[in-house]
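Notes to accompany the following structure.
Chains as they are written, first to last, in our numbering: chain A, 253 to 928; chain B, 16 to 235.
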């Protein structure tokens, strides 16, 4: 067999030359009414199709050229010839040809004319043609010959709405096509085992080039009007599936199962879903059922979405598929995780698209996935990318983190991801919350949510020991900081619970994280104080609550101090002091005093740079000046402290500036006694 | 002067009672002719004219005509079962049958069915067999697998055949054989020969009262 491309092209061109010449001669003979000469040239032309040299692609080109020329012969026979001669005689005459390939092409050509002449039973002629084709056992030549049979008889197969009686029924057409299909499939599968094992890839490639020849039979079946749901269920599908199972060839099974899904209408698939899926489940070597299952789930999903009434009441699509998928995964222990997850993703999409209200379905899929991986941890190896992809499906669809939180098994699946993927997913979730401006307003949900994104919140066991890129880290943690603002409820009591929950989680973050995360929390706490203060009339316990909040703030600030975030703590103490002042209750004043003192403590002990000192003291003074509710008892020591600190500044100019600022403390002297 | 005589004669075998029991035959090594010789006796030179007559032996459907069915093969290599619907065929008949593959361990390229004509002349130590391949009809292209059944339909009217003749006038025989040949990828040939009997059926257009009328052939 000529292998190189140039050699192929050379042989093909030579063959095409012959075809062109003989076709011309044939046409000329037919124009003169000389049928015998015409047939002789036709035979010469058809002899080119006996070649063993051409590869499928080239053979196809030659085949197309030859069969197009045969239409002229067909036209002659249907026109001139049939007026004066019996077509039956011609049917016999062409069988005198010595070589089988030309003989059968001619026989089919005459056969079609014979059928149209209605001189003989359609069924008999079709039966004869499909049987006689057995003579060509060479896979490539046989496939094309039978394809010619199928395409030639396209318009003459008995169907329900033609008016020709007593010459063949729809069942005969079905049998005809099914037989042609089986024989073609046999030939196609046979190609797999020809030749050397080293050429296997090339052979498989060639087989794939030819797959459409086999698939056309199924397509033709689907075009028959008379193939109703019940005929499909009882006659057509069982025959096709039987052939698929018996041939034991994975290329055939994969392609043809998919073909079935594509060519037959969705209502047929609904009726035969069990049978079809059972065939998929049969353990048969290396067939990749994944794509088949995903294909059919996708199609029926679209069908259901197009019109929900399409799915009959008694067909629980989700249950059926869920059950079958589980069965398949369990029976194929070698199935790689990507395939398992692809199947589960398809189920999730089915649930989301067709049964949007049933979040339980989605959770069921997640639960099953957990179980599968739990049973055998090794199955989950290396699947992080696919698992992330799968988990993003419901996130994108629901777009609403609250629903995600309801899915019990969602977080459990996180355990199977690698650290990096897990973190990426957490970031994805966090960004989702922020972008959609979702408010998570119950502390239980907040708890669940923070557990979910624990990757961001706290160090993980499987985190690598290397320090992370500081920029990335900062961006991440700022995200968490921003997130805190979404964890909010309009109900103050609830908000306090939320704040507690947050504190519990965020404190596990360690010193590196709290500089980003705690400030948000503190500000929210401060905000809450204001809220309570505003609602004083409605809540008699508000003072107690505010006190609690202030203690809460204090504890957070102590943590920051311990972690040595001096500047941050200083400023936050001052902020807190302001709110204490605003609230105006006794306990708040004490707290406020404490906060300012703490600020001073930090100032005196930790702020050493002179420039920083000036800024800090100015800040303290300014803040303090804003306060209006300190009693003289408290105000006085603090004022003096301010003054003392100011005068102790290093540079004289700084001293002056600071002291003059302090002057404001003295002259306005806002305190409680003075009532502003 | 030369007298031109044109003789036109229709000869009826029934009236003359000449028995023609054999069929006219023109083969490679022998011929069987019937001819009418008219001789006009004259003083010096006789005028002799000969006209050849073609005689066909017509038969009717044989009483028994069993099919030919046999399983043949080479151990561990190739087992087939061939079936031809009859053992006796008339000259415009069709050989209908099939080849069923029981075991295939060789790489078959194609399969053909040939008609072989064997003309036997002479007798005893001088017997001479002449084989002629009348036709080569390809019945299968490519390699089958176990369980395949290949149909045969061979129209005898396409070929120039005579009826089977056995020991005509103790001088010659003409016998026919079907030769089934399988050719493998290395061009090795595996064959099975089977004799068939050919007979001549009366043409449907021949009216009963005209049976025995012999067509005159213009020889000159």
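No residue lacks a Cβ here, since even glycine has one placed at the ideal position from N, Cα and C. No experiment lies behind these values; they were computed from the predicted model shown.
Residue i and residue j closer than 8 angstroms at C-beta
i, j, result
"residue 564/A", "residue 522/A", "yes"
"residue 851/A", "residue 825/A", "yes"
"residue 869/A", "residue 910/A", "yes"
"residue 113/B", "residue 127/B", "no"
"residue 122/B", "residue 38/B", "no"
"residue 198/B", "residue 94/B", "no"
"residue 172/B", "residue 152/B", "no"
"residue 611/A", "residue 659/A", "yes"
"residue 891/A", "residue 855/A", "no"
"residue 75/B", "residue 212/B", "no"
"residue 746/A", "residue 685/A", "no"
"residue 298/A", "residue 353/A", "yes"
"residue 647/A", "residue 678/A", "no"
Spatial distance of residue i from residue j (CA atoms)
i, j, result
"residue 350/A", "residue 157/B", "16 angstroms"
"residue 770/A", "residue 858/A", "20 angstroms"
"residue 540/A", "residue 591/A", "9 angstroms"
"residue 614/A", "residue 667/A", "18 angstroms"
"residue 217/B", "residue 50/B", "22 angstroms"
"residue 131/B", "residue 506/A", "49 angstroms"
"residue 493/A", "residue 419/A", "29 angstroms"
"residue 546/A", "residue 827/A", "58 angstroms"
"residue 898/A", "residue 740/A", "41 angstroms"
"residue 362/A", "residue 342/A", "7 angstroms"
"residue 54/B", "residue 67/B", "14 angstroms"
"residue 498/A", "residue 673/A", "44 angstroms"
"residue 70/B", "residue 319/A", "47 angstroms"
"residue 339/A", "residue 258/A", "44 angstroms"
"residue 692/A", "residue 776/A", "14 angstroms"
"residue 160/B", "residue 119/B", "6 angstroms"
"residue 748/A", "residue 805/A", "12 angstroms"
"residue 750/A", "residue 700/A", "11 angstroms"
"residue 915/A", "residue 807/A", "33 angstroms"
"residue 368/A", "residue 405/A", "10 angstroms"
"residue 727/A", "residue 710/A", "15 angstroms"
"residue 355/A", "residue 502/A", "34 angstroms"
Supposed contact pair residue j and residue i - C-beta distance, whole angstroms, cut 8 angstroms
i, j, result
"residue 495/A", "residue 433/A", "7 angstroms"
"residue 569/A", "residue 606/A", "6 angstroms"
"residue 359/A", "residue 384/A", "7 angstroms"
"residue 192/B", "residue 133/B", "7 angstroms"
"residue 835/A", "residue 781/A", "6 angstroms"
"residue 301/A", "residue 314/A", "7 angstroms"
"residue 581/A", "residue 595/A", "7 angstroms"
"residue 946/A", "residue 395/A", "Look at the range of chain A in this structure, 253 to 928, and you will see that residue 946/A is not part of it."
Local Cβ density within 10 Å of residue i, reported as buried at 16 or more and exposed below that
i, result
"residue 117/B", "exposed"
"residue 425/A", "buried"
"residue 273/A", "exposed"
"residue 557/A", "exposed"
"residue 457/A", "exposed"
"residue 446/A", "exposed"
"residue 484/A", "buried"
"residue 560/A", "exposed"
"residue 329/A", "buried"
"residue 80/B", "exposed"
"residue 63/B", "exposed"
"residue 902/A", "exposed"
"residue 52/B", "exposed"
"residue 403/A", "exposed"
"residue 912/A", "exposed"
Contact test: residue i Cβ vs the ligand NAD heavy atom, cutoff 7 angstroms
i, result
"residue 349/A", "Only the bare structure without any ligand can be found here, which leaves the ligand NAD out of the picture."
Listed by chain order, chain D residues near residue i by CB distance under 7 angstroms
i, result
"residue 173/B", "Going by chain labels, chain D is absent from the structure shown, which instead holds the protein chains A and B."
Taking Cβ-Cβ distances below 8 angstroms as the criterion, which residues of the region 377 to 402 of chain A are in contact with chain B? 383, 384, 386, 387, 388, 389, 390, 391, 393 and 394
Closer than 7 angstroms, Cβ to Cβ, to anything on chain B: give me those residues from the region 443 to 454 of chain A, in chain order. none
May I ask you to list, following chain order, the residues of the region 342 to 361 of chain A that have a beta carbon less than 7 angstroms from some beta carbon of chain B? 344, 347, 348, 350, 351, 352 and 353
Below 8 angstroms between beta carbons is the criterion; list the residues of the region 141 to 167 of chain B that meet it against any residue of chain A, in chain order. 150, 151, 152, 153, 154, 155, 156, 157, 158, 159, 160, 163, 164, 165 and 166
Taking Cβ-Cβ distances below 9 angstroms as the criterion, which residues of the region 206 to 218 of chain B are in contact with chain A? none
Listed from N- to C-terminal order along the chain, which residues in the region 93 to 108 of chain B have their beta-carbon within a distance smaller than 9 angstroms of any beta-carbon of chain A? none
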